[in-house]
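Asker: Sequences listed follow chains V and X, in order.
Numbering that gives the first Met the number 0 applies: residue 0 is where the first sequence begins, and numbers increase by one.
Numbering that gives the first Met the number 0 applies: residue 0 is where the second sequence begins, and numbers increase by one.
Note that the Cβ used here is the ideal one computed from N, Cα and C, for glycine as well.
Following this message is one structure expressed as structure tokens.
There are 2 protein chains.
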Amino acid sequence: MDDQGRVRNITDLARLAGVSPGTVSRALADSSLIAKKTRERIQELAREHDFRPNVMARNLRIKRAGAIGVLIPLGHETGQHISVPFFMTMLGHLADALTERGHDLLLSRIIPKDPYWLSRVVDSGRVDGVILIGQSDQNDVIDKVAERYLPLVAWGANLPGQVHCSVGSNNRKGGEIATRHLIDRGCRNFAFFGDPIAPEIAERLEGVRSALAQSGMSDALNLLPAHLTAETAHPAISQWLDVTKPIPNGIIAASDVIAMSALRALSEHGVSVPGEVHVVGYDDLPFANQTVPPLSTIRQDLADGAAHLIDILFRRISGEKAESVMLEPELVIRQSS
Amino acid sequence: MDDQGRVRNITDLARLAGVSPGTVSRALADSSLIAKKTRERIQELAREHDFRPNVMARNLRIKRAGAIGVLIPLGHETGQHISVPFFMTMLGHLADALTERGHDLLLSRIIPKDPYWLSRVVDSGRVDGVILIGQSDQNDVIDKVAERYLPLVAWGANLPGQVHCSVGSNNRKGGEIATRHLIDRGCRNFAFFGDPIAPEIAERLEGVRSALAQSGMSDALNLLPAHLTAETAHPAISQWLDVTKPIPNGIIAASDVIAMSALRALSEHGVSVPGEVHVVGYDDLPFANQTVPPLSTIRQDLADGAAHLIDILFRRISGEKAESVMLEPELVIRQSS
DNA sequence: AATAATGAAACAAACGATTGCATTACACAG
DNA sequence: CTGTGTAATGCAATCGTTTGTTTCATTATT
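As structure tokens, this is what we get:
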């Protein structure tokens, strides 16, 4: 107990209660080894001095951390900001689920400078497991750690030969569905907005191509492959609209953020959506039904995805086996198509 | 060292190096007390076995946590989801700043069920300080803890007599600026969308009223006080538009999320923006310049706000004094007004 | 009445680091 | 050859818990 009389640890409380520290520990844990009367007396005393045992000491002793590391690797685009809506939505779901399971969420935005960024977290002893939001270009590093460290799951692609466990949606199929929908709507001339350098995007584009091929329209695809973020998408699309004649009447955007910029650029060019041009986005982020017009999109059920991530992670923490999951994408038809 | 020969702690490494654990500790900390030769040998050995000292044990010993708790209290609106863009944007900034200062970010979404939610975190010993994103309706609880616990800062209102330290923007002034702008645009009939139960919103509304009063138009204000979230805003506004004749030509929304829904509802009612109705939002969230038309709004500089939160927090952690800050709101004119 | 069985609490050894202080070893001066 | 100074390392206490193993009273059993 310090000079101000504050109870700082279990020993202080023990002295106050006239028992041993061990007894206090058990009493606070409500162990039946301690007589009910003593137990209640000690608990009351703790409440009175609003004392709460030190979590770190406890964790050290019982060898668990009570926290899950959620890492956002920003390998291929250092400038990318954590506030990109996709990350944020995912993070919200994870925070909810982890809180529910009594774990804290240790958030780190990581710019991989050396190959040790992941082991540093994993071996630090401050997390019971790790969730990666996106693999960036760090597949090798992740696989290396995954070989020896089980409680590790990533959101993202599931590439052939991949060691680490991942949850992600079937991007190829998503691209196909979007394209077929536009074909159904009568589109005959298409454009894809997005940069296939990212593997998920490449898979989506592949799906688009395959759907077009199946309908014998392989030649009807325009590509705007510029690297599109919230900031760069609008000018790029606007410029593209200036030079592209005729404007394709079916536009598939690689993400909702890009689609939103497309809607605005189209509106500024006096092109009506869905009158003249049909637009489909990707992700179904929360703002997708708030755009004008509300955005048709390929829904990646992030709530579901997050649930899978958590489920797999805790399975693995408790020693069970748990394998990668691929989610089915779903077309959400609103008014932009 | 366990059966697999993995080095699990400094004692293992010490045995391997033929020195004492203390020496290993100092060597890894690169202390000059250890001969350079020994130091390098031990560091090399650690690298070889990729051993990293346990952070929790270290923290326990040196009595620091290396993490800052970021709490999102959801008192008055239990259903509110963490993914609300405002929280997310703020969180992104905080994550960046904390990472830069070598601290982890412990995220918790909190639904206050008892008055101990804050002390539980503060006294747990696992954080060096706490940032609250919003005060919700928990002012009493927060003030109580703030009396004895210094490293605590909140984003939000700065009410008279408030004990705890806060950073927030001048909401009253924001409301005034928005209103004056609409008056300049020629509006003579106004509406405010937002629920003044939340103190920030109430202050904004007050600003609106004051600006109108100054121009002798106190009577020209309509109020849609419904509790407006991303999900409920659109139907509420839509219905309001059905019954309100004539539609006011100056709309001040209490947040960008509400403004976005207003834009959509107006568009669906065939009302042109900014032709017939002028709309101003609040916050300047990232999507505000992506709407159709891009949204005029009162900018709360969240980057700046986050920087202040962090600055104050670390000041207080190191024992300095640091007081509340009020940020100046700024009108961003885009095309909705 | 002596002994066994039970229940309650104390003791002490972890958990894995850090760090003040004691000790050792060696070089050099006297 | 002893004494002193210094550089390098070892020792052991400590951070605040948890928990297996005593210990010590009681009560129950025969």
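So G174 of chain X and E205 of chain X are supposed to be a Cβ contact under 8 angstroms. How far apart are they, rounded?
Answerer: The residue you call residue 174 of chain X lines up with position 175 of the second sequence. The residue you call residue 205 of chain X lines up with position 206 of the second sequence. Correct: roughly 7 angstroms between the Cβ atoms.
Asker: Can you pull the DSSP bridge partners for Y354 of chain X?
Answerer: This structure gives no information on residue 354 of chain X, because the portion of chain X shown stretches from 0 to 336.
Asker: Determine the chain V residues that contact D122 of chain X at a beta-carbon separation under 8 angstroms, and present them in chain order.
Answerer: The count along the second sequence starts at 1 and reaches residue 122 of chain X at position 123. The contacting residues are D49, F50, R51.
Asker: At least one CB of chain X closer than 8 angstroms to the CB of Q79 of chain V: is that the case?
Answerer: The sequence position of residue 79 of chain V within the first sequence is 80, counting from 1. Legend: pLDDT at Q79 of chain V = 46, less than 50; position of this residue unreliable, value from coordinates given subsequently. It does not: the Cβ of Q79 of chain V has no partner Cβ on chain X nearer than 8 angstroms.
Asker: Quick one: which chain X residues come within Cβ less than 7 angstroms of T98 of chain V?
Answerer: Taking the first residue of the first sequence as position 1, residue 98 of chain V is located at position 99. Those within 7 angstroms of T98 of chain V in chain X are S107, R108.
Asker: Output the distance between the C-alpha atoms of S24 of chain V and R125 of chain X, rounded to the nearest integer angstrom.
Answerer: For the purposes of this step, residue 24 of chain V is taken as the residue at position 25 of the first sequence. For the purposes of this step, residue 125 of chain X is taken as the residue at position 126 of the second sequence. Going from the Cα of S24 of chain V to the Cα of R125 of chain X covers about 18 angstroms.
Asker: Out of curiosity, what's the CA-to-CA distance linking K320 of chain X and L326 of chain X?
Answerer: As a first step, residue 320 of chain X must be located in the second sequence, where it is residue number 321. As a first step, residue 326 of chain X must be located in the second sequence, where it is residue number 327. Each residue's Cα considered, the two are about 19 angstroms apart.
Asker: List the residues that DSSP assigns as beta-bridge partners of C186 of chain X.
Answerer: Here residue 186 of chain X is taken as the residue at index 187 of the second sequence, counted from 1. According to DSSP, which records beta bridges pairwise, C186 of chain X is partnered with nothing at all.
Asker: For a test of the three-state rule: what should DSSP assign to I64 of chain V, helix, strand or coil?
Answerer: Translated into positions along the first sequence, residue 64 of chain V becomes position 65. Residue 64 of chain V is actually Ala in this sequence, not Ile. In this structure, A64 of chain V counts as coil in the three-state DSSP scheme.
Asker: In this structure, what does DSSP give as the bridge partners for N202 of chain V?
Answerer: By 1-based counting over the first sequence, the position of residue 202 of chain V is 203. Checking the sequence shown, residue 202 of chain V turns out to be Glu, not Asn. DSSP, once it has assigned bridges, lists no residue as partnering E202 of chain V.
Asker: Please confirm if D194 of chain X has its CB atom under 8 angstroms from at least one CB of chain V.
Answerer: Residue mapping note: residue 194 of chain X aligns to position 195 of the second sequence, counting from 1. Chain V, which has no Cβ nearer than 8 angstroms to the Cβ of D194 of chain X, makes this no.
Asker: Less than 8 angstroms between CB atoms is the rule here; does M325 of chain X satisfy it with respect to chain V?
Answerer: In the second sequence, the residue the question calls residue 325 of chain X occupies position 326. No - not a single Cβ of chain V is within 8 angstroms of the one on M325 of chain X.
Asker: Which residues of chain V have a Cβ atom closer than 7 angstroms to the Cβ of D103 of chain X, listed in chain order?
Answerer: The sequence position of residue 103 of chain X within the second sequence is 104, counting from 1. Correct list: L105, S107.
Asker: Would you mind reading off the limits of the alpha helix (DSSP H) that contains N340 of chain V?
Answerer: Residue 340 of chain V falls outside the range modelled here, since chain V spans only 0 to 336, and no answer is possible.
Asker: What is the DSSP secondary structure of R51 of chain V, reduced to helix, strand or coil?
Answerer: Position 52 of the first sequence, counted from the first residue, corresponds to residue 51 of chain V. R51 of chain V: coil per DSSP, three-state reduction.
Asker: What is the DSSP secondary structure of P20 of chain X, counted as helix, strand or coil?
Answerer: Here residue 20 of chain X corresponds to residue number 21 of the second sequence, with the count starting at 1. Helix, per DSSP.
Asker: Using a cut-off of 9 angstroms between C-beta atoms, extract the partners of S260 of chain X located in chain V.
Answerer: Here residue 260 of chain X corresponds to residue number 261 of the second sequence, with the count starting at 1. Neighbours of S260 of chain X on chain V, chain order: Q289.
Asker: Listed from N- to C-terminal order along the chain, which residues in the region 274 to 289 of chain V have their beta-carbon within a distance smaller than 7 angstroms of any beta-carbon of chain X?
Answerer: Answer in chain order: P285, F286, Q289.
Asker: Do the region 144 to 164 of chain V and the region 116 to 130 of chain V meet, that is, are 3 or more Cβ pairs less than 8 angstroms apart?
Answerer: With a cut-off of 8 angstroms, the region 116 to 130 of chain V and the region 144 to 164 of chain V count as touching, because enough Cβ pairs lie within range.
Asker: Considering only residues of the same chain and omitting the five flanking positions on each side of D282 of chain X, which have a CB-CB separation below 7 angstroms?
Answerer: Residue numbering aside, residue 282 of chain X sits at position 283 when the second sequence is read from its first letter. Closer than 7 angstroms at the Cβ level, and outside the excluded window around D282 of chain X, lie F85, S254, D255, T296, Q299.
Asker: Please report the distance separating the alpha-carbon of T10 of chain X from that of D303 of chain V.
Answerer: Sequence index remark: in the second sequence, residue 10 of chain X carries index 11 (1-based). Sequence index remark: in the first sequence, residue 303 of chain V carries index 304 (1-based). Rounded to whole angstroms, T10 of chain X to D303 of chain V spans 44 angstroms at the Cα level.
Asker: Nearest-angstrom Cα distance between R208 of chain X and L104 of chain V?
Answerer: The count along the second sequence starts at 1 and reaches residue 208 of chain X at position 209. The count along the first sequence starts at 1 and reaches residue 104 of chain V at position 105. Spanning the two alpha carbons is a distance of roughly 42 angstroms.
Asker: Let me know the secondary structure DSSP gives I81 of chain X once reduced to three states.
Answerer: Indexing the second sequence from 1 puts residue 81 of chain X at position 82. Note that I81 of chain X scores 43 on pLDDT, short of 50, meaning its location in the model is unreliable; the coordinates nonetheless yield the value given after this. Reduced to three states, the DSSP call for I81 of chain X is coil.
Asker: So what's L337 of chain X in DSSP terms, helix, strand or just coil?
Answerer: Beyond the ends of chain X as shown, which are 0 and 336, falls residue 337 of chain X; an answer cannot be given.
Asker: If I measure Cβ to Cβ from V272 of chain X and keep anything under 7 angstroms in the same chain, skipping five residues before and after, which residues do I get?
Answerer: Working through the second sequence from its first residue, we reach residue 272 of chain X at position 273. Contacts found: L262, L265, V278, P292, S335.
Asker: If the cut is a Cβ gap below 7 angstroms, which residues of chain X does S266 of chain V touch?
Answerer: What you label residue 266 of chain V is simply residue 267 of the first sequence in a count that begins at 1. Within 7 angstroms Cβ-Cβ: V291.
Asker: Sorted by chain position, which residues of the same chain lie with C-beta nearer than 6 angstroms to A232 of chain X's C-beta, five sequence neighbours on each side aside?
Answerer: Within the second sequence, residue 232 of chain X is the residue found at index 233, counting from 1. Excluding residues within five positions, the ones whose Cβ falls inside 6 angstroms are I257, S260.
Asker: Secondary structure at P234 of chain X, three-state DSSP: helix, strand or coil?
Answerer: Here residue 234 of chain X refers to the residue found at position 235 of the second sequence. Reduced to three states, the DSSP call for P234 of chain X is helix.
Asker: Sorry if obvious, but does the Cβ on F313 of chain X come closer than 7 angstroms to a heavy atom of the ligand ATP?
Answerer: Looking at this structure, you won't find the ligand ATP or any other ligand, since it has none at all.
Asker: Kindly say whether A94 of chain X, judged by its beta-carbon, lies nearer than 8 angstroms to any beta-carbon of chain V.
Answerer: Stepping through the second sequence from its first residue, residue 94 of chain X is reached at position 95. It does: the Cβ of A94 of chain X has a partner Cβ on chain V nearer than 8 angstroms.
Asker: May I have a chain-ordered list of the alpha helix (DSSP H) segments no shorter than 4 residues that lie completely inside the region 135 to 173 of chain V?
Answerer: If we require 4 residues or more, the alpha helix (DSSP H) runs fully inside the region 135 to 173 of chain V come out as 138 to 145.
Asker: Could you check the C-alpha separation between N288 of chain V and I196 of chain V for me, to the nearest Å?
Answerer: Counting from 1 along the first sequence, the entry for residue 288 of chain V is found at position 289. Counting from 1 along the first sequence, the entry for residue 196 of chain V is found at position 197. So the two alpha carbons sit approximately 28 angstroms from each other.
Asker: Does the Cβ-Cβ distance between I251 of chain X and V276 of chain X come in under 8 angstroms?
Answerer: Sequence index remark: in the second sequence, residue 251 of chain X carries index 252 (1-based). Sequence index remark: in the second sequence, residue 276 of chain X carries index 277 (1-based). Going by C-beta atoms, I251 of chain X is not nearer than 8 angstroms to V276 of chain X.
Asker: Just to make sure I have the definition right: I need the residues of chain X whose C-beta is within less than 8 angstroms of the C-beta of A56 of chain V. Which are they?
Answerer: Here residue 56 of chain V corresponds to residue number 57 of the first sequence, with the count starting at 1. Under the 8 angstroms cutoff, chain X gives L59, G124.
Asker: Do you know offhand how far L93 of chain V's Cα is from A306 of chain V's?
Answerer: As a first step, residue 93 of chain V is located in the first sequence; it is residue number 94 there, counting from the start. As a first step, residue 306 of chain V is located in the first sequence; it is residue number 307 there, counting from the start. If you take the alpha carbons of L93 of chain V and A306 of chain V, they lie about 8 angstroms apart.
Asker: If the cut is a Cβ gap below 9 angstroms, which residues of chain V does R333 of chain X touch?
Answerer: As a first step, residue 333 of chain X is located in the second sequence; it is residue number 334 there, counting from the start. Under the 9 angstroms cutoff, chain V gives no residues; its nearest Cβ is about 11 angstroms from R333 of chain X.
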